[in-house]
Each structure stands twice: as C-alpha cells, then as structure tokens.
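Please read the structure below before turning to the comments.
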Amino acid sequence: MAEVSGGRPLPPVLFLGPPRWYSALGAARSLGELGIPVFMLAHKGLSPTNVSRFCSGTVPAGDNGRPLGEPWRIVFDLCEAGCALGPGTVLIPGTDEWAVFVAEHAEELATCFRFPRAPAALVADMASKQGLMRLAGEHGFPSPRVTAPASLDEALEDAERLTYPVMVKPMVSRPDMEGKAVVHDPVELSRCARLLAESAEASNLIFQEYVPGDEDWTFTGYFDARSRCLAGFTGRRLRLSPPHMGHTTLGVCQGNAQLEAAASEFISAIGFRGIVDSEFRFDRRDGTYKLLDANPRVGGNFRVFLDVGGIDVVRALYLDQTGRPVPPVEAREGRLWVKEDSDLITF
Numbered sequence: 001m002a003e004v005s006g007g008r009p010l011p012p013v014l015f016l017g018p019p020r021w022y023s024a025l026g027a028a029r030s031l032g033e034l035g036i037p038v039f040m041l042a043h044k045g046l047s048p049t050n051v052s053r054f055c056s057g058t059v060p061a062g063d064n065g066r067p068l069g070e071p072w073r074i075v076f077d078l079c080e081a082g083c084a085l086g087p088g089t090v091l092i093p094g095t096d097e098w099a100v101f102v103a104e105h106a107e108e109l110a111t112c113f114r115f116p117r118a119p120a121a122l123v124a125d126m127a128s129k130q131g132l133m134r135l136a137g138e139h140g141f142p143s144p145r146v147t148a149p150a151s152l153d154e155a156l157e158d159a160e161r162l163t164y165p166v167m168v169k170p171m172v173s174r175p176d177m178e179g180k181a182v183v184h185d186p187v188e189l190s191r192c193a194r195l196l197a198e199s200a201e202a203s204n205l206i207f208q209e210y211v212p213g214d215e216d217w218t219f220t221g222y223f224d225a226r227s228r229c230l231a232g233f234t235g236r237r238l239r240l241s242p243p244h245m246g247h248t249t250l251g252v253c254q255g256n257a258q259l260e261a262a263a264s265e266f267i268s269a270i271g272f273r274g275i276v277d278s279e280f281r282f283d284r285r286d287g288t289y290k291l292l293d294a295n296p297r298v299g300g301n302f303r304v305f306l307d308v309g310g311i312d313v314v315r316a317l318y319l320d321q322t323g324r325p326v327p328p329v330e331a332r333e334g335r336l337w338v339k340e341d342s343d344l345i346t347f
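For the sequence shown, UniProt numbering assigns the number 1 to the initial residue and increments by one for each residue that follows.
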C-alpha cells in the first residue's frame, strides 16, 4: 500500500471489541503496520490484541470490551477518551453490540470521533436475524425461511410445525450468546431450544431453514456516506467451526462477480454505511446464493480479503473517514487465511 500519510497527520483509531474477538488483532496489525496509532478497550486480564506491539494503549469503557452498564456512562467514557486521543480519532465497532450502540449514540459520539453514520434502526435490523431476513424479503434477495418464537413455550409449539432439518441460532448474537445447531426432528429441536434459549420469556432464538450444501461464501465491503461500495471482496469459507455452520477457520479470497454485484446492490439499496461482513450459501436446488448474515461491522476473518496494494476494508474505512481517496481495489486472488486454534478441530 502506498504511503498513507502524504505528509498529513495520521489520526488514531479506537477499536471497540471484547478480548477474544480476533478482528481486533487483525485491525491493529493492518493499521499499525502503516504507522497509525490503534487503541483498544481495556480487558480483564491479558488478551492477544492488547499485548500486541501494534496496540498503542487501552481505554476504559463498558465492561471487558462490551457495551454493558449505563449507556450515558459508556458514552461519557468514550468521549473522554476521544478528547484525550485527539481530534479526528476514528471509531471502529468490532461487534454487533458495539455497532448498534454507536449507531444509537451517534450524535454524542460524533462530537469526538469520526465514523460512518448509518441509521440506528437499520443497524439494529442487520444485527438481528429476523430483521435481516425482513430486509432481504423487502428487497427481493434470496434468504432462508425464518421462524422467530417470542418465548420458549412458543418455540416448543413451533417444533411440531416445522419442516426439517432446521438451523437453531441466536436472533441477536453476542459474545455470551453464540450457540447454534442443526436439528432433524421436533424432539431434537425442543431439547436444543431449552438449552440455547436466553430465558423462558424471551428466547432470543430463530429457527432457520437449513440450506444444504457446502459452498459457503463471504462478501465484505466498505460503503461510504452515499452507500457506495468503495472496497468489496468475495471469498470461499473452506472450513467452519462448528463444521458447516460456524465461523470461518480457513478462507480464501476468490472472485465471484455475480455475488459481489448482488451483495453490493443489496447493501447500497438498504442505505447502509460502513463495513459489512456478510455470509451466503449457494443453494443448488434453485441456483441462488442465500443470504445468511450481513453483520454491520468488521468480520473476524476480514484479513482473508486483501488487494494487491494492501487495501482491506479497515484500511478503506480509515482512508475515507480521514478524507483520503480509496484506490480501486484489485483483490489478491487465492490469498489464504487460517485461524489455527479453531481449524485444528474442524476435520
């Protein structure tokens, strides 16, 4: 990547995420290699990111890297940090929780930080599987059928009416709520729902049509203030943990013009601004790419996707938010990325 400063100051970055989310480490390395100061949230104990040589320091806000506690206090702590870090500090949410929090408190945070401004309701919909499937339906994008039981009792009633197999997963994912499973009959679903439900009154579960196959794809992109994709990449998810339904442990940057065009058009149409991390499965039954997720933030595996000049979506966001041009992207075809600890148990 060409010299980014151009003789101009490089504003620092504050990355919002919990200790074990490796997207934070990827962001620190990506930006730190360019000489950009990268700050993280304070964690309880050590974390790989916060001991990295590319971590310039930590900021106390929330609880152990999550936006837990009184919202006004978290906003106050972030703004205090923003003032200390200096004008033009770039704010990057690394989880759905933080993406929603930043969108909901954008007016206050914008006094101290630069960041893409997306509508709070849209960000909340993208962070919710039910909301995302509604957006997909409104815009004609293929997606699996979804049932969202309001309570555990309703979930158990739904078990008798569904067509199997079914994917059980959280409606809103959080660091403490990520379990998912594929079930094949009502008994198995009932057992799984009891295990994974957040509470009897509010299950936070969805039952999603299981799309058969093993052709899993990612589209990640950065969308500017006009919802234009300035940097977009596609790639294959070669191995997942848990197998066939979890996070990427081995990925490859691989061009897919059809998917990139369709995904970019969808994200632009809904009016999103910022980094999106979306997942698809090719459905051989009807020849379509089914949308499974479109997370309104940096993906854990975003460093799969790099262009020949070194641009990734985090660098694209930084360039745009600091008033620098984002050069046209030429993906580094065939680039492999592996998450070693998880990949060892996917075979």
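For glycine and all other residues, C-beta sits at the position ideal for the given N, C-alpha and C. Source: prediction; values computed, not measured.
Cβ shell of residue i (< 8 angstroms), same chain only, five flanking positions each side left out
i: SER151; result: ALA200, GLU201, ALA202 and SER203
i: PRO142; result: ALA136, ASP283, ASP286, THR288, TYR289, LYS290 and LEU291
i: ALA120; result: VAL100, ALA103, GLU104 and ALA106
i: ILE267; result: GLY221, PHE223, SER227, CYS229, VAL276, SER278 and ALA294
i: GLN321; result: VAL90, ARG114, PHE115 and PRO116
i: LEU109; result: VAL75, LEU78, CYS79, GLY82, LEU91, VAL102 and PHE115
i: VAL146; result: LYS129, GLN130, MET133, ILE206, PHE207, GLN208 and GLU209
i: GLU333; result: CYS253, GLN254 and GLY255
i: PHE54; result: ALA28, ARG29, LEU31, GLY32, GLU33 and VAL38
i: LEU162; result: THR147, PRO186, LEU189 and PHE207
Cut-off 7 angstroms between Cβ atoms - residues of its own chain near residue i, not counting five sequence neighbours on either side
i: ASP63; result: GLY69
i: GLU97; result: ARG66, PRO67 and ARG174
i: VAL100; result: VAL123, ALA124 and ALA127
i: SER23; result: GLY17, GLY94, VAL298, GLY299, GLY300 and PHE302
i: VAL211; result: PRO144, ARG281, ASP283 and LYS290
i: ALA261; result: none
i: GLU154; result: none
i: ARG239; result: THR249, LEU250, ASP343 and THR346
Neighbourhood of residue i by C-beta, 6 angstroms cutoff - its chain only, sequence neighbours within 5 removed
i: VAL304; result: GLY235, GLY251, CYS253 and TRP337
i: SER342; result: SER241 and THR249
i: ILE270; result: LEU135
i: PRO19; result: HIS43, SER47 and GLY65
i: ALA2; result: The predicted position of ALA2 is uncertain, since its pLDDT is 47 and thus under 50; no value can be drawn from it.
i: ARG191; result: none
i: LYS339; result: THR249
Nearest residue (CA-CA) to residue i, options the options
i: PRO48; options: LEU25, VAL38, PHE223 and GLY86; result: LEU25
i: ALA148; options: GLU138, MET167 and GLY140; result: MET167
i: ALA331; options: GLY309, LEU319 and THR322; result: GLY309
i: MET171; options: GLY179, PRO9 and PRO165; result: GLY179
i: PRO37; options: HIS43, SER52, LEU46 and LYS44; result: SER52
i: ASP77; options: ARG239, SER264, LEU41 and ASP214; result: LEU41
i: LEU259; options: GLU215, PHE272 and ARG324; result: GLU215
i: GLY246; options: PRO71, LEU109, PRO165 and VAL182; result: VAL182
i: PRO186; options: PRO19, TYR164, ALA61 and LEU195; result: TYR164
i: ALA263; options: TRP217, PRO243, LEU14 and PRO12; result: TRP217
i: PRO9; options: PRO328, VAL329 and LEU319; result: LEU319
i: LEU196; options: ALA225, GLU188, PHE219 and LYS169; result: LYS169
i: ALA257; options: PHE219, GLY35, HIS244 and GLY274; result: PHE219
i: PRO11; options: ALA193, GLY86, ARG73 and VAL59; result: GLY86
i: HIS139; options: PRO327, GLU265 and PRO71; result: GLU265
For residue i: DSSP bridge partner residues
i: ASP343; result: Answer by DSSP bridge pairing: none, since ASP343 is not bridged.
i: PHE207; result: THR147 and VAL168
i: GLY274; result: PHE223
i: SER128; result: VAL172
i: ARG161; result: ARG161 is not bridged to any residue.
message: Taking contact to mean 3 or more Cβ pairs, one atom from each stretch, closer than 8 angstroms, check whether the segment 157-173 and the segment 220-233 are in contact.
response: no
message: Quick check: the segment 303-322 against the segment 286-295, are at least 3 beta-carbon pairs closer than 8 angstroms?
response: no
- request: Kindly provide the ranges of any beta strand (DSSP E) runs that are 3 or more residues long and lie completely inside the segment 26-95, ordered along the chain.
  value: If one requires a minimum length of 3 residues, the beta strand (DSSP E) runs lying completely within the segment 26-95 are 38-41, 55-59 and 90-93, in chain order.
query: Is it a yes or a no for the segment 19-35 touching the segment 76-95, going by three-plus beta-carbon pairs under 8 angstroms?
result: Yes, the segment 19-35 is in contact with the segment 76-95.
field: Ordered list of beta strand (DSSP E) runs contained in the segment 285-322, each at least 3 residues
entry: You should have 288-295.
- request: Please go through the segment 175-257 and give each complete alpha helix (DSSP H) segment of 4 or more residues, from N-terminal end onward.
  value: List check, alpha helix (DSSP H) in window: 186-196.
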